[in-house]
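If you're matching them up, the sequences are chains A and B in order. Under this note's numbering, the first residue of the first sequence carries the number 1, and numbering increases by one thereafter. Under this note's numbering, the first residue of the second sequence carries the number 1001, and numbering increases by one thereafter. Glycine residues also receive a C-beta, built at the ideal position from the N, C-alpha and C atoms. None of these values were measured; they are calculated from a predicted model. Single-structure report; data block below.
Protein chains: 2
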Amino acid sequence: MIKAVFSALLVLVAVTSTFGKYIPKTGKRIPQTLSRGWGDQLIWAQTYEEGLYWSRSRNKPLMVLFHLEDCPHSQAFKKVFSENNEIQKTLDEKFIVLNLVYETTDKHLSPDGQYVPRIIFVDPTMTVRADITGRYANRMYAYEPGDIKLLLTNMGKALKLLKSEL
Amino acid sequence: MIKAVFSALLVLVAVTSTFGKYIPKTGKRIPQTLSRGWGDQLIWAQTYEEGLYWSRSRNKPLMVLFHLEDCPHSQAFKKVFSENNEIQKTLDEKFIVLNLVYETTDKHLSPDGQYVPRIIFVDPTMTVRADITGRYANRMYAYEPGDIKLLLTNMGKALKLLKSEL
Chain A
1 MIKAVFSALL VLVAVTSTFG KYIPKTGKRI PQTLSRGWGD QLIWAQTYEE
51 GLYWSRSRNK PLMVLFHLED CPHSQAFKKV FSENNEIQKT LDEKFIVLNL
101 VYETTDKHLS PDGQYVPRII FVDPTMTVRA DITGRYANRM YAYEPGDIKL
151 LLTNMGKALK LLKSEL
Chain B
1001 MIKAVFSALL VLVAVTSTFG KYIPKTGKRI PQTLSRGWGD QLIWAQTYEE
1051 GLYWSRSRNK PLMVLFHLED CPHSQAFKKV FSENNEIQKT LDEKFIVLNL
1101 VYETTDKHLS PDGQYVPRII FVDPTMTVRA DITGRYANRM YAYEPGDIKL
1151 LLTNMGKALK LLKSEL
């Protein structure tokens, strides 16, 4: 009898340790998404190398969006950006998208500094489009919630691809 | 009356265009997670640069896991990996974790090639631990579902940090 209880216990322990999902001491977490709230329906590249690869191979411009989760300017711009259907649809159909909270080692992506939020377009020829700027002289690639139409105009500029070597 | 209907229509259009969330023509997508199923409760770095930064600043080893979504070997190993509580708990509490489907430009991360699945440990001193290997001579950093105990042993080795310059 004791042996049977012991066996049952062993099975129970085995089942628990195999199937009981890990939960952190601090409580269950919501899985992080690659979109980070900038457009859950978009297919986001994970890294700059991956974004460049998809941009070249699909002949679509790459939009790189630098932001920080705890930056109120990023949050405010994210709300407008993620809720704008024209932005979302155009990005989904005509762009490769990448959002980063950590800077890359490529200095071309910070032509005038590493502030956030900051949007840099890259042509499929792998040329950073430093000519596509926002409206602030001291942070040329920054956008605020009121600049969403300017961003759409700039997306249009990015879609006019530089001459590619075909 | 016509004016009122027109106004109501305008409001309706405005509300729809503002609040109607973008849905791709091909149908609604499930948002991509940074974990990609390798542990939804872990906090994943997005890029190698980010992983190195957290490894150094928190003095924890970094585990870099290369895989592919459509690779059956990666899938089989992922199932065992994500369901193993000891692996998940140890990674959560003592490691910085990064999973990549696209190779980096750093050749140190592919000491004997770019196959998947492949696990490389990096010390907080930013030294790739090429000495921590699996059991296959031709793919030294590959793991199969049956190798989960060996992976735990190797995680233990990675936790014995190299001498840091304090």
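query, result
"Helix, strand or coil at residue 1090 of chain B according to DSSP, with G and I counted as helix", "helix"
"Runs of beta strand (DSSP E) lying entirely within the segment 1069-1114 of chain B, each at least 3 residues, in chain order", "1096-1100"
"Member of B:1020, B:1021 and B:1102 whose CA lies at the smallest distance from the CA of residue 1069 of chain B", "B:1102"
"Residue from A:137, A:98 and A:29 with nearest C-alpha to residue 50 of chain A", "A:98"
"Neighbouring residues, chain B, relative to residue 145 of chain A (Cβ below 7 Å)", "In chain order: nothing, as chain B lies at least about 13 Å away."
"8 Å Cβ cutoff, residue 1110 of chain B in contact with chain A", "no"
"Contact with chain A by residue 1113 of chain B, beta-carbon distance below 8 Å", "no"
"DSSP-derived helix/strand/coil call for residue 1118 of chain B", "strand"
"Status (buried if at least 16 other CB within 10 Å, exposed otherwise) for residue 39 of chain A", "buried"
"Beta carbon proximity, residue 1038 of chain B to chain A, threshold 8 Å", "no"
"For residue 82 of chain A, the nearest candidate out of A:35, A:136 and A:20 (CA to CA)", "A:35"
"Spatially closest choice to residue 1091 of chain B from B:1064, B:1113, B:1074 and B:1112, by CA coordinates", "B:1064"
"7 Å CB neighbourhood of residue 127 of chain A in its chain, flanking five on each side removed", "162"
"Interface residues of chain B facing residue 23 of chain A [CB-CB closer than 8 Å]", "1041"
"Buried/exposed call for residue 118 of chain A, threshold 16 Cβ in 10 Å", "buried"
"Identity of the residue in A:138, A:85, A:44 and A:108 nearest residue 95 of chain A by Cα", "A:44"
"Residue 1107 of chain B to residue 146 of chain A span [Cα, whole Å]", "44 Å"
"Separation of residue 46 of chain A from residue 30 of chain A, as counted between CA atoms", "19 Å"
"For residue 1065 of chain B, the residue or residues it bridges with in DSSP", "B:1099 and B:1119"
"Simplified DSSP state of residue 1155 of chain B, which is helix, strand or coil", "helix"
"Length of the line joining the Cα atoms of residue 1062 of chain B and residue 1056 of chain B", "9 Å"
"Contact belief for residue 1132 of chain B with residue 1080 of chain B at Cβ below 8 Å, rounded distance in angstroms", "So it is not a contact: roughly 19 Å between Cβ atoms."
"Proximity winner among A:123, A:129, A:125 and A:93, relative to residue 110 of chain A (alpha-carbon distances)", "A:129"
"Secondary structure of residue 1020 of chain B, DSSP reduced to three states", "coil"
"Sub-8 Å separation of residue 33 of chain A and residue 1033 of chain B beta-carbons", "yes"
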